[in-house]
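Down below is the structure, laid out as structure tokens.
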Amino acid sequence: MDTQLLDILVCPICKGPLQHDKKAQELICNADRLAFPIRDGIPIMWADQARELNGAADVADSENIPPSSVA
17 MDTQLLDILV CPICKGPLQH DKKAQELICN ADRLAFPIRD GIPIMWADQA
67 RELNGAADVA DSENIPPSSV A
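The opening residue of the sequence shown carries number 17 in the working numbering; numbering runs sequentially from there.
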């Protein structure tokens, strides 16, 4: 994913910053707890295509911390 593109993309819902999860190929909005997929290098920024981050493992993955550290 192009770093310049990542610098200008924001969450389409809250307009907040996004984190790039290279492993999952997703852009993460921690404020809305949503993961937007990246398909063939193209971020899909539609709310209906986003995955909700629910469990501790999802939050840990998006923040690069061990799941055991998430309360």
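Even glycine gets a Cβ: it sits at the ideal position worked out from N, Cα and C.
If you draw a 10 Å sphere on the C-beta of residue 42, you find 16 or more other C-beta atoms in it, and that means buried.
Comparing alpha-carbon positions, the option among 53, 54, 24 lying closest to residue 33 turns out to be 24. When the Cα atoms are used, residue 46 and residue 27 turn out to be separated by approximately 10 Å. Residue state for residue 43 is assigned as strand, using DSSP reduced to three classes.
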